[in-house]
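Enquirer: Residue numbers (our numbering), protein chains in the order written: chain W, 1 to 100; chain V, 1 to 632.
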Amino acid sequence: MNVTITEEGAKALVKLEGRLDTTNADQFQKDIQPLMTGSHTEIDMDCSDMEYTSSQGLRMFLMLQKTVSARGAKLVLRNMKPHVKEVFDITGFSHIITIL
Amino acid sequence: MSLKKNFASRLSLYVLLISAGLMLVVTILFGLFSSSAMRLESRAVAERELDNAILDIEKVITEVERTVDNLDWVVEQHMEDESFLYLVTREIVTANPNIIGSAVAFEPGFYKGRQYFSPYTYIGDQTHEVHSIQMGNENYDYPVLDWYQIPKLLNRPYWSEPYFDDGGGGQAMSTYSMPLHDDEGNFYGIMTADISLAWLSDRVDAIKPYPHSFTMLIGRNGSFIAHPDENKVLNETIFTVAMEMFDTTAVQIGREMLAGAKGMQRFSNRGEDSFMVYGPLSNGWSMALVCSYADVFRNARIMNIVLGALLFLGLIGLFIGCRRIIRQLTLPIVEFSNSAMTMAKGNFKAAIPEVETKDELLKLRNSLSYMQQSINEYIEELKSTTASNERYESELNIARDIQMSMLPQDFPQRDDLSLYAMVQPAKEVGGDLYDFVVVGDTVYFLVGDVSGKGVPAALFMAIARAAFRFIGALGLPMKEVVQRVSDCLCDGNTSEMFVTLFAGRLDLKTGQLDYCNGGHNPIVVIDPDGKASFLQAKPNLAAGLFPGFPYQDEIITLKRGTRLVLYTDGVTEAERVDKLQYGEEQLLAWAQRVSPDTPSNVVVSDLFTQVKHFTRGADQNDDITIMSLLFK
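See the structure below:
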């Protein structure tokens with residue numbers, strides 16, 4: 001899983017590439033640490049090249065969502081591939097996280 | 001012992017080869033240098049010998065000449081006394097050891113009107129007795145002989161060409177002739193002294209700077225006066241010999257000798273590389289000294305052989321010495337090797353031999369020692385790691401047993417229900433769970449999947465399973481059950497874990513199914529006619545995320561013969577090495593093939609086998625749970 005973070009003022013543009021599974025979930029958690037502790041008001045994630053996410057990965061998105069909401073910021077996931085989106089739908093995560 | 005396998009021998013051999021090569025080069029260079037020096041030296045020696053010999057012969061010749069020259073006035077004064085004339089010749093022969101004959105030969109008719117008068121004294125060739133005779137007569141007409149005629153004509157002293165005298169001496173000789181003149185200067189006779197060529201040859205032969213060198217003396221016309229081969233004397237000239245040799249150089253030498261030149265020439269003496277030094281004598285003769293180079297170098301060659309033998313012995317000594325020293329120096333390496341081998345066989349405490357020198361060997365020893373120390377430390381570390389790993393492993397095994405015992409194994413044996421389930425964790429413990437409870441004619445069942453794997457997931461799973469045990473069979477609608485379980489999980493869930501679950505309640509009398517899908521995969525329904533499909537469910541959030549989330553459930557009625565297949569994503573997301581997943585389509589295709597009345601345990605193990613077959617032995621990366629419920 002490749003995580004590229006670009007900052008535009010208070011907005012963070014994030015590009016996600018590859019698979020997010022149990023083997024690299026810990027690394028992903030470290031990669032998104034700047035977003036958790038940062039002061040961005042808006043986090044925009046481009047998921048067009050994300051191939052897969054495990055339940056462990058979902059947990060990471062949930063943690064990020066909760067942290068971001070707590071400081072009154074916004075998290076948006078974009079361009080998710082259908083089979084990845086399906087995982088978010090099945091687990092009900094689509095209700096919690098904004099997926100465009 | 002093979003030379004190639006032994007370091008000391010091999011190194012010594014290299015040293016030997018290099019030394020031998022160097023010695024060879026030096027020897028060759030030295031040989032070239034010394035042979036050229038020796039060549040020059042030999043010529044100098046030969047020239048010196050020749051000069052000495054010439055002086056020596058010259059001295060004899062001069063003595064002979066002087067003896068005759070000094071006595072001519074005696075002849076003139078005592079001419080009348082015949083006996084005195086005999087006495088004079090006798091005196092000359094006896095007083096001078098070099099002279100073997102002497103004569104006073106008068107012109108025909110001069111002495112008292114006699115046709116021939118020539119008192120002559122000689123030493124017999126064999127007897128060595130002194131004889132005095134009058135040698136002129138009809139048979140020995142001396143006035144016509146060279147020794148008489150030529151000095152007479154030239155009117156000066158003359159050394160004859162060598163000849164064999166048959167007048168009295170009876171041997172090969174050369175004669176010094178001096179013309180005699182009276183007071184008016186009229187020629188009246190010849191006074192002679194003979195020297196023996198044999199004697200001359202002996203003198204000349206004695207000149208031998210090298211064992212096989214030889215000296216020769218030639219007369220004015222090139223005939224041999226002295227030569228080691230006596231047959232050549234009188235019979236041959238230097239030119240006849242040179243012709244036989246087919247060597248133009250020899251002819252050239254002959255010409256120069258006759259011209260009275262002094263010099264040195266290299267030539268081939270019947271194939272033998274030789275040189276000749278030559279020089280003139282005052283009487284017109286020429287002397288030559290012939291030396292062969294083989295002779296010159298003979299001693300040098302013997303020296304070379306001795307030197308070669310010594311070098312060979314030296315090299316052998318060098319080889320043996322080198323090998324011994326190298327072997328001694330490299331002995332520690334052999335010992336290190338033995339130590340290393342001992343270590344390799346498992347004795348990591350093997351002693352490493354001490355080294356006294358402060359060189360590369362010490363470095364090697366320190367490296368070995370350091371390696372040994374590191375290995376021992378590593379082994380200790382490994383031992384403790386292994387021990388703690390073993391402890392963890394055994395604890396995990398116990399945890400696994402506990403977790404597995406939480407999953408009910410006493411599947412109901414009923415005519416209207418065939419239920420079977422299994423969990424295969426990816427690690428020792430996992431986050432998947434199933435549960436079922438039969439109360440009267442109602443069966444409550446659940447399949448869940450905790451996010452993540454391993455111990456954290458297992459602990460969360462235990463809570464989820466305990467919550468369902470308490471809440472599931474209370475007779476509440478399923479949406480209530482899931483909500484309460486979720487609330488239960490939310491309580492103190494700081495690590496944002498959650499569980500997706502599918503929970504259902506089936507009334508075995510009516511076939512009414514109340515179910516709630518909390519973020520779980522859609523389950524498979526196989527109708528009594530074998531048609532398989534995913535069961536539609538209202539989307540709900542996974543349990544454990546938000547307390548009080550309003551879960552929704554559905555109620556449908558199943559016909560008898562309907563089968564429900566519940567599973568976790570470990571089935572659909574089972575991956576091969578090439579990342580290809582088993583997927584929902586294959587799952588559905590498999591479900592289509594399931595015979596309606598197959599017992600559930602067979603169905604479950606069949607699907608598990610299918611998945612395992614699909615992954616082709618790739619590592620299982622997620623827990624797999626399968627439950628089959630057949631409503632009969």
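Even glycine gets a Cβ: it sits at the ideal position worked out from N, Cα and C.
Predicted, not measured: the structure shown is a model, and the values here were computed from it.
Could you give the C-beta distance for lysine 632 of chain V and arginine 560 of chain V, rounded to a whole number, given that I count them as a contact under 8 Å?
Expert: On the second sequence, position 632 is the one that residue 632 of chain V refers to. On the second sequence, position 560 is the one that residue 560 of chain V refers to. Beta-carbon to beta-carbon, lysine 632 of chain V and arginine 560 of chain V are separated by about 6 Å, close enough to satisfy the 8 Å threshold.
Enquirer: Please tell me whether glutamate 554 of chain V has its Cβ less than 8 Å away from any Cβ of chain W.
Expert: By 1-based counting over the second sequence, the position of residue 554 of chain V is 554. No, because no Cβ of chain W sits closer than 8 Å to the Cβ of glutamate 554 of chain V.
Enquirer: With distance defined between alpha-carbon atoms, name the residue in V:Arg563, V:Glu354, V:Met178, V:Gln610 nearest to serine 595 of chain V.
Expert: Numbered from 1 along the second sequence, position 595 holds the residue referred to as residue 595 of chain V. When V:Arg563, V:Glu354, V:Met178, V:Gln610 are compared, the shortest CA-CA separation from serine 595 of chain V is found for V:Arg563.
Enquirer: Does any CB atom of chain V fall closer than 8 Å to the CB of threonine 4 of chain W?
Expert: In the first sequence, the residue the question calls residue 4 of chain W occupies position 4. Proximity of threonine 4 of chain W to chain V, defined by a Cβ-Cβ separation below 8 Å, is not satisfied.
Enquirer: From asparagine 235 of chain V to proline 280 of chain V, what does the alpha carbon distance come to, in whole angstroms?
Expert: Taking the first residue of the second sequence as position 1, residue 235 of chain V is located at position 235. Taking the first residue of the second sequence as position 1, residue 280 of chain V is located at position 280. Each residue's alpha carbon lies about 21 Å from the other.
Enquirer: Give me the subset of the region 23 to 44 of chain W whose CB atoms are less than 9 Å from a CB atom of chain V, sorted by chain position.
Expert: Going along the region 23 to 44 of chain W in chain order, one finds Thr23, Ala25 with a Cβ nearer than 9 Å to chain V.
Enquirer: Counting beta carbon pairs with one atom in the region 86 to 104 of chain V and one in the region 194 to 214 of chain V, are three or more of them shorter than 8 Å?
Expert: yes
Enquirer: Among V:Thr357, V:Trp147, V:Leu368, which one has its Cα closest to the Cα of alanine 351 of chain V?
Expert: Taking the first residue of the second sequence as 1, we reach residue 351 of chain V at position 351. Checking every option, the nearest Cα to that of alanine 351 of chain V belongs to V:Leu368.
Enquirer: Buried or exposed for leucine 417 of chain V, going by 16 or more other Cβ atoms inside 10 Å?
Expert: Locating residue 417 of chain V in the second sequence gives position 417, counting from the first residue. That one is buried.
Enquirer: For isoleucine 402 of chain V, does the three-state DSSP call read helix, strand or coil?
Expert: The residue labelled residue 402 of chain V in the question sits at position 402 within the second sequence. Helix.
Enquirer: I need the straight-line Cα distance from glycine 124 of chain V to alanine 172 of chain V, nearest angstrom please.
Expert: In the second sequence, the residue the question calls residue 124 of chain V occupies position 124. In the second sequence, the residue the question calls residue 172 of chain V occupies position 172. In a straight line, the C-alpha of glycine 124 of chain V is about 12 Å away from that of alanine 172 of chain V.
Enquirer: Just verifying my parser: in three-state terms, what is the DSSP assignment at lysine 479 of chain V?
Expert: Within the second sequence, residue 479 of chain V is the residue found at index 479, counting from 1. Looking at lysine 479 of chain V - three-state DSSP - the assignment turns out to be helix.
Enquirer: Using only the alpha-carbon positions, how far apart do tyrosine 278 of chain V and serine 286 of chain V sit?
Expert: Residue numbering aside, residue 278 of chain V sits at position 278 when the second sequence is read from its first letter. Residue numbering aside, residue 286 of chain V sits at position 286 when the second sequence is read from its first letter. Roughly 7 Å separates the two Cα atoms.
Enquirer: Start and end of the beta strand (DSSP E) containing lysine 66 of chain W?
Expert: Position 66 of the first sequence, counted from the first residue, corresponds to residue 66 of chain W. Lysine 66 of chain W -> not in any beta strand (DSSP E); alpha helix (DSSP H) instead, spanning 55 to 70.
Enquirer: From the DSSP output, in three-state form, read off tryptophan 159 of chain V for me.
Expert: On the second sequence, position 159 is the one that residue 159 of chain V refers to. Residue state, collapsed to three classes: strand.
Enquirer: Under DSSP, the alpha helix (DSSP H) around histidine 613 of chain V begins and ends at which residues?
Expert: Numbered from its first residue, the second sequence carries residue 613 of chain V at position 613. Unbroken alpha helix (DSSP H) run through histidine 613 of chain V: 600 to 615.
Enquirer: Counting only the same chain and skipping the five closest in sequence on each side, list residues whose C-beta sits under 6 Å from that of threonine 342 of chain V.
Expert: Indexing the second sequence from 1 puts residue 342 of chain V at position 342. Taken in chain order, the residues that qualify are Ala350.
Enquirer: Beta carbons nearer than 9 Å to chain V: which residues of the region 61 to 85 of chain W have them?
Expert: Leu62, Met63, Lys66
Enquirer: If contacts are defined as beta-carbon pairs under 8 Å, then glycine 544 of chain V and asparagine 493 of chain V qualify, I think. What distance do you get, rounded to the angstrom?
Expert: Locating residue 544 of chain V in the second sequence gives position 544, where the first residue counts as 1. Locating residue 493 of chain V in the second sequence gives position 493, where the first residue counts as 1. Correct: roughly 6 Å between the Cβ atoms.
Enquirer: If we ignore side chains and look at the alpha-carbon of each, how far apart do valine 3 of chain W and isoleucine 555 of chain V end up?
Expert: The residue you call residue 3 of chain W lines up with position 3 of the first sequence. The residue you call residue 555 of chain V lines up with position 555 of the second sequence. Approximately 43 Å between the Cα atoms of the pair.
Enquirer: Inspect the beta-carbon positions of threonine 98 of chain W and leucine 58 of chain W and report whether they are closer than 8 Å.
Expert: Here residue 98 of chain W refers to the residue found at position 98 of the first sequence. Here residue 58 of chain W refers to the residue found at position 58 of the first sequence. Going by beta carbons, threonine 98 of chain W and leucine 58 of chain W fall outside the 8 Å limit.
Enquirer: Against aspartate 49 of chain W, what residues of chain V qualify as contacts under a CB-to-CB distance less than 8 Å, listed in chain order?
Expert: For the purposes of this step, residue 49 of chain W is taken as residue 49 along the first sequence, with counting starting at 1. Simply none; closest approach about 15 Å.
Enquirer: Would you verify that the beta carbon of glycine 92 of chain W is, or is not, closer than 8 Å to some beta carbon of chain V?
Expert: Residue mapping note: residue 92 of chain W aligns to position 92 of the first sequence, counting from 1. Closer than 8 Å: yes.
Enquirer: Would glutamate 496 of chain V pass as an interface residue toward chain W - the criterion being a Cβ-Cβ separation below 8 Å?
Expert: Reading the second sequence from its first residue, position 496 is the one you call residue 496 of chain V. By this cut-off, glutamate 496 of chain V is an interface position.
Enquirer: For a contact defined as C-beta to C-beta under 8 Å, what are the partners of aspartate 96 of chain W on chain V?
Expert: Here residue 96 of chain W is taken as the residue at index 96 of the first sequence, counted from 1. Per the sequence presented here, residue 96 of chain W reads as isoleucine, with aspartate not at that position. Residues of chain V with a Cβ closer than 8 Å to the Cβ of isoleucine 96 of chain W are, in chain order, Leu541, Leu545, Phe546.
Enquirer: Cα separation between serine 9 of chain V and alanine 340 of chain V?
Expert: Within the second sequence, numbered from 1, the residue matching residue 9 of chain V stands at position 9. Within the second sequence, numbered from 1, the residue matching residue 340 of chain V stands at position 340. Using only the alpha carbons, I get a separation of about 23 Å.
Enquirer: Compute the beta-carbon to beta-carbon distance between glycine 518 of chain V and alanine 542 of chain V, rounded to the nearest angstrom, for a pair I have assumed lies under 8 Å.
Expert: Here residue 518 of chain V corresponds to residue number 518 of the second sequence, with the count starting at 1. Here residue 542 of chain V corresponds to residue number 542 of the second sequence, with the count starting at 1. The Cβ separation is near 6 Å, so the contact holds.
Enquirer: Kindly indicate which three-state DSSP category lysine 15 of chain W falls into: helix, strand or coil?
Expert: For this step, residue 15 of chain W is matched to residue 15 along the first sequence. Three-state result, lysine 15 of chain W: strand.
Enquirer: To the nearest angstrom, how far is the alpha carbon of serine 19 of chain V from that of arginine 323 of chain V?
Expert: Numbered from its first residue, the second sequence carries residue 19 of chain V at position 19. Numbered from its first residue, the second sequence carries residue 323 of chain V at position 323. Cα to Cα, the separation comes out at about 14 Å.
Enquirer: Give the straight-line distance between the Cα atoms of histidine 83 of chain W and tyrosine 52 of chain W, rounded to the nearest whole angstrom.
Expert: The count along the first sequence starts at 1 and reaches residue 83 of chain W at position 83. The count along the first sequence starts at 1 and reaches residue 52 of chain W at position 52. If you take the alpha carbons of histidine 83 of chain W and tyrosine 52 of chain W, they lie about 8 Å apart.
Enquirer: Within the chosen definition, does the region 429 to 445 of chain V reach the region 404 to 412 of chain V through at least 3 CB pairs nearer than 8 Å?
Expert: yes
Enquirer: For alanine 172 of chain V, which of helix, strand or coil comes out of DSSP?
Expert: Here residue 172 of chain V is taken as the residue at index 172 of the second sequence, counted from 1. The answer is strand: DSSP assigns alanine 172 of chain V an E or B state.
Enquirer: Using alpha carbons as the reference points, say which of V:Pro547, V:Phe614, V:Asn540 lies closest to glycine 570 of chain V.
Expert: If you number the second sequence from 1, residue 570 of chain V lands on position 570. Among V:Pro547, V:Phe614, V:Asn540, the Cα nearest to that of glycine 570 of chain V belongs to V:Phe614.
Enquirer: Which class does isoleucine 207 of chain V belong to by DSSP, given the choice of helix, strand or coil?
Expert: Here residue 207 of chain V refers to the residue found at position 207 when the second sequence is read from its first residue. The three-state secondary structure of isoleucine 207 of chain V, taken from DSSP, is coil.
Enquirer: Who are the Cβ neighbours of methionine 1 of chain V in its own chain at under 8 Å, not counting the five residues just before and after it?
Expert: Here residue 1 of chain V is taken as the residue at index 1 of the second sequence, counted from 1. Caution applies to methionine 1 of chain V, whose pLDDT of 45 falls short of 50 and renders its modelled position unreliable; the value that the coordinates give is listed next. Excluding residues within five positions, the ones whose Cβ falls inside 8 Å are Ser9.
Enquirer: Quick one: what's got a C-beta closer than 6 Å to lysine 232 of chain V's C-beta in the same chain, skipping five residues either side?
Expert: Residue 232 of chain V sits at position 232 when you count from the first residue of the second sequence. If we look at lysine 232 of chain V and ignore the five residues flanking it on each side, its Cβ neighbours are Phe224.
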